[in-house]
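Number of protein chains: 2
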Amino acid sequence: MNLKRSIQQGRVNMISSHAAFPRVVIIGAGFGGLSTAKRLAKAPFNVTIVDRHNYHLFQPLLYQVATAGLSPGDIASPIRGILHQQRNTKVILAKVSGIDTACREVVAEGRRIPYDYLVIATGAEHAYFGHDWSSYAPGLKTIDDATYLRRRILLAFERAETEPDADERRRLLNFVVVGGGPTGVEMAGAIAELAKRALAADFRSIDPRCARIILIEAGPRLLAPFSPALSEAARRSLEQLGVEIRLDARVTDCDCSSVSLGNERLQTRTIVWAAGVKAAPVAGWLGAESDPAGRVKVKADLSVPGHPDIFVIGDAAAATGVDGKPLPGVAPVAKQQGWYVANLLTARAEGRTLPAFRYRDVGSMATIGRKRAVAQIGAFKVTGLVAWLLWSMAHIYFLIGFRNRLAVAMHWCWNYVTFQRGMRLITGISGSRIEDVMPVLSTAPALDRGRILP
Amino acid sequence: MNLKRSIQQGRVNMISSHAAFPRVVIIGAGFGGLSTAKRLAKAPFNVTIVDRHNYHLFQPLLYQVATAGLSPGDIASPIRGILHQQRNTKVILAKVSGIDTACREVVAEGRRIPYDYLVIATGAEHAYFGHDWSSYAPGLKTIDDATYLRRRILLAFERAETEPDADERRRLLNFVVVGGGPTGVEMAGAIAELAKRALAADFRSIDPRCARIILIEAGPRLLAPFSPALSEAARRSLEQLGVEIRLDARVTDCDCSSVSLGNERLQTRTIVWAAGVKAAPVAGWLGAESDPAGRVKVKADLSVPGHPDIFVIGDAAAATGVDGKPLPGVAPVAKQQGWYVANLLTARAEGRTLPAFRYRDVGSMATIGRKRAVAQIGAFKVTGLVAWLLWSMAHIYFLIGFRNRLAVAMHWCWNYVTFQRGMRLITGISGSRIEDVMPVLSTAPALDRGRILP
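So this is what it looks like as structure tokens:
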């Protein structure tokens, strides 16, 4: 009781009274790291959370930033703001480069942060199956990725508007999304709505409604984790929006003006990569065993074999469910694992033990566009408007911070009523650097490209 | 009547029927350029508006983006969206590099855009009085400037939190704003509120309330264009917020860790430049006469001497009022000049003439912080809460686009009630590039900077 009271007291007391508590260091303030930290708010620990960004990002809505429906500020919330009332917790902005398991220290930008318990929740990044396609086919994992993609997509239309060469104009209006999982499906649907609705009346030389959006999936159906009936519903919805879907199609090459599928070449200036992820390089830091996607193989209590005080959760971990199948890389898994580890640490501090981690499946959802979504919650499956409303409510509910929820709800109502996208800003370029974002093809020289007849 | 009807018809008809109309090319979609374009909506002209950005920026609120109160999307609106119903108007995203007055063509990224009438509304950029201080003392003119400054300001606090060296920590918590005009006053007030309110509880090792905010003005009082009584009120309000004000102080040097005022050196890692502007290089394009700030000297009808079909408006023009004094570089001047040029062109097309341009002074306002502002409308002067409410209402009213107004009003209410700033995102850096934004001083080496004791 005395402990609890002293935790709730001011800064000076805290520092002295917490100094004696075991140090929990959490790497990463995504869904997993943040849920660990929040669950430890009143526990007798000295918590430090380290992230390379100063905000928690609500990644499921990142595609909306990339397609000009929301602002970065709507889906990101400062970590310090989220945790500022939690007096036992310290936030450090730094990029972790390694872990010294012998000294029990985290190495971050030349600094060393000592731990008694370590929770690693570093997530995943894009993977190109060993290819070097990242500059041609950007992915969507961070806010900077999203504003970069938004820039690329909007600039393609701007370029097309003034492009005298018909072939290049066609290339500029072709958009290829690689990967038919939830991110790919959402991106393809959102680009289609952007082109066919929001931008439809904005141009004079081109008709954005003629844009082609092509979704490529290597497997036999979209949204593989969902039931076949929902995959089929998603395919139909996307086709109604005008998206062309290529199943069983494997990308063999990407360059600045095309995507190759074996012998076939799709001409395009905009490729979105949503096909593969690999875990952050945690296994290497720990010398631990990992699966082919780089995820650390963890024990049933989410600790790393041989390191009972180090836990890996979320997308960085290869955990299995009670059925022996690997758990998917989704937010609910990361959150539940975060809570579990926090509970486990608290239990250990009190001399108790906990049973192994067990994932409670809360269902999956993917949205395709306005009034179109699919949702699967246990045996319950739903599509169309009902699924879309469910999806909207769930995403607004889970957004961190009351203000963000309100802002997002308002933007969505506005976009729904007007078909507009307010966030169509091409930022991060001064005029002279447009060429850097989307280089002019050598076949269409930058100079003397003819007169524009207004 | 037939003309008007054909203008309101669809794309195909428009292109054929507008082809015969005189071509008006407008460079710049700020307050001046946009008001020209909008006023020409129903006029018998073929209008093209060229801008290096795809959005119109509501510059008076830019300081709120720099200090994490608003998102870029709240104060910027896509030009195409604003003008999409205006069928006689075409928007081109390009950076203009020159004007060929002999051929009557605008040169932009290797393209040539022919005009019959040209309206130049290219605004102003920062000026450092001939010094090369832009990398040490960034200014505030574009969205990228604002997000860059936001990054700098927020990173200074983050750095201070983990900095072991006391001197460097002090430098990191000193913020110097150069220039006591409206932008400087607003920035200084907003940084003070950020440090003393929004961030107050967020850190564990530093107390953001100890941050020093120093406002430097070369003249004898703040807000020179306002009455001395309002200047004094602004000074008092800023001092109540904890801002230190240095009048009659001239900056003689800037570097990455200090600002020099003659022999005195203020140690700081964050300098905001709000001291001087110069016009875009329009005079050089035209071979026209300009004033010392580079603004083109225009005739009473805002045309360029020797070029009766070329007009310069807004911050790029040196126009004088009926009293012979130069007009200030503020939005209402640019807007009224835009309307005037549009009316003049329409009058000319109808064989009428117009009297010379005459600026109607609508008053000036500057905000200092929550419940603190000054306003001067003719002989009417007001300070404090009333001025602040007036300022808030005027700025929300003039914001382009209904959705933006609503979003900004909501953010302000939220910030007002909670003292929070939701947009505290440090974006545009991947972890490894933090050093690029704010290089570590050589006196405080990046490696082995000691352990952090959580």
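Listed in order, the protein sequences are those of chains A and B.
The opening position of the first sequence corresponds to residue 93 in the working numbering, with each subsequent residue numbered one higher.
The opening position of the second sequence corresponds to residue 93 in the working numbering, with each subsequent residue numbered one higher.
Positions of the beta carbon are idealized from the N, C-alpha and C atoms, including for glycine.
Here the structure is a predicted model, which means the values were calculated and not measured.
Report the option in the options whose CA atom is closest to the CA atom of residue i.
i: Leu175/B; options: Arg497/B, Asn355/B, Ala133/B, Arg464/B; result: Ala133/B
i: Ser323/A; options: Tyr228/A, Ala408/A, Leu481/A, Arg464/A; result: Arg464/A
i: Pro418/A; options: Glu442/A, Val335/A, Lys389/A; result: Lys389/A
i: Asp393/A; options: Asp299/A, Pro447/A, Phe249/A; result: Pro447/A
i: Pro152/B; options: Val474/B, Ile460/B, Leu517/B; result: Ile460/B
i: Arg342/A; options: Gly161/A, Ala121/A, Gly368/A, Phe318/A; result: Gly368/A
i: Phe403/A; options: Val374/A, Lys370/A, Gly354/A, Thr275/A; result: Val374/A
i: Ile184/B; options: Thr214/A, Ile337/A, Glu253/A; result: Glu253/A
i: Asp143/B; options: Lys391/B, Val117/B, Leu154/B, Ala292/B; result: Val117/B
i: Arg204/B; options: Leu498/B, Leu210/B, Ile191/B, Lys370/B; result: Ile191/B
i: Gly413/A; options: His399/A, Gln429/A, Gly398/A; result: Gln429/A
i: Arg361/A; options: Gly398/A, Ile305/A, Pro320/A, Ala135/A; result: Ile305/A
i: Gln547/A; options: Ala290/B, Ala326/B, Leu232/B, Arg243/B; result: Residue 547/A cannot be examined here, being either before or after the span of chain A that is shown, 93 to 546.
i: Phe490/A; options: Thr140/A, Pro136/A, Leu149/A; result: Leu149/A
i: Arg262/B; options: Ile298/B, Ala284/B, Ile283/B; result: Ile298/B
i: Pro206/A; options: Ile119/A, Arg462/A, Ala434/A; result: Ile119/A
Closest Cβ-Cβ distance between residue i and chain C: below 7 Å?
i: Leu185/B; result: Although the question refers to chain C, the structure presented lacks it and instead comprises the protein chains A and B.
Please check the pair residue i and residue j, which I expect to be a contact at CB under 8 Å, by giving their CB distance rounded to whole angstroms.
i: Ile245/B; j: Val270/B; result: About 15 Å; that fails the 8 Å criterion.
i: Lys182/B; j: Arg296/A; result: 5 Å
i: Pro407/B; j: Gly215/B; result: The question names Pro, but residue 407/B in the sequence shown is Asp. Indeed they touch by this definition, with Cβ atoms about 5 Å apart.
i: Gly354/A; j: Thr344/A; result: 6 Å
i: Gly122/B; j: Ala213/B; result: 6 Å
i: Leu286/A; j: Ala160/A; result: 6 Å
i: Asn180/B; j: Phe137/B; result: 6 Å
i: Val268/A; j: Val351/A; result: 5 Å
i: Thr193/B; j: Ala325/B; result: Not confirmed; about 48 Å, so no contact.
Buried or exposed for residue i, please, with buried defined as at least 16 other CB atoms from any protein chain shown within 10 angstroms of its CB.
i: Pro312/A; result: exposed
i: Cys302/B; result: exposed
i: Leu477/B; result: exposed
i: Phe221/B; result: exposed
i: Pro274/A; result: buried
i: Tyr508/A; result: exposed
i: Ser227/B; result: exposed
i: Asp294/B; result: buried
i: Glu331/B; result: exposed
i: Ala439/A; result: exposed
i: Ile405/B; result: buried
i: Glu260/B; result: buried
i: Ala321/A; result: exposed
i: Arg444/B; result: exposed
May I have the straight-line CA-CA distance separating residue i from residue j, to the nearest angstrom?
i: Ala471/A; j: Thr128/A; result: 30 Å
i: His223/A; j: Cys346/A; result: 9 Å
i: Leu498/A; j: Asp257/A; result: 45 Å
i: Trp504/B; j: Ala112/A; result: 42 Å
i: Ser524/B; j: Met485/B; result: Low local confidence applies: a pLDDT of 35 at Ser524/B is under 50, so the model's placement there is unreliable, and no value is given.
i: Val396/B; j: Gly379/B; result: 10 Å
i: Arg196/A; j: Ile141/A; result: 16 Å
i: Ser169/B; j: Glu442/A; result: 56 Å
i: Asp340/A; j: His145/B; result: 40 Å
i: Leu517/A; j: Arg243/A; result: 8 Å
i: Ala384/A; j: Asn266/A; result: What sits at residue 384/A in the sequence shown is Pro, not Ala. The straight-line gap from Cα to Cα measures roughly 33 Å.
i: Ala372/A; j: Gly124/A; result: 14 Å
i: Phe318/B; j: Ala434/A; result: 58 Å
i: Gly272/B; j: Tyr451/A; result: 59 Å
i: Ala186/A; j: Glu255/B; result: 12 Å
i: Leu436/B; j: Trp506/B; result: 44 Å
Would you mind stating whether residue i and residue j have Cβ atoms separated by less than 7 Å?
i: Ala501/B; j: Ile488/B; result: yes
i: Ser456/B; j: Gly165/A; result: no
i: Val157/A; j: Ala238/A; result: yes
i: Glu278/B; j: Tyr155/B; result: yes
i: Trp377/B; j: Arg131/B; result: no
i: Val188/B; j: Ala200/B; result: yes
i: His218/A; j: Gly202/A; result: no
i: Leu481/A; j: Ala467/A; result: no
i: Val454/B; j: Pro424/B; result: yes
i: Arg115/B; j: Asp208/B; result: yes
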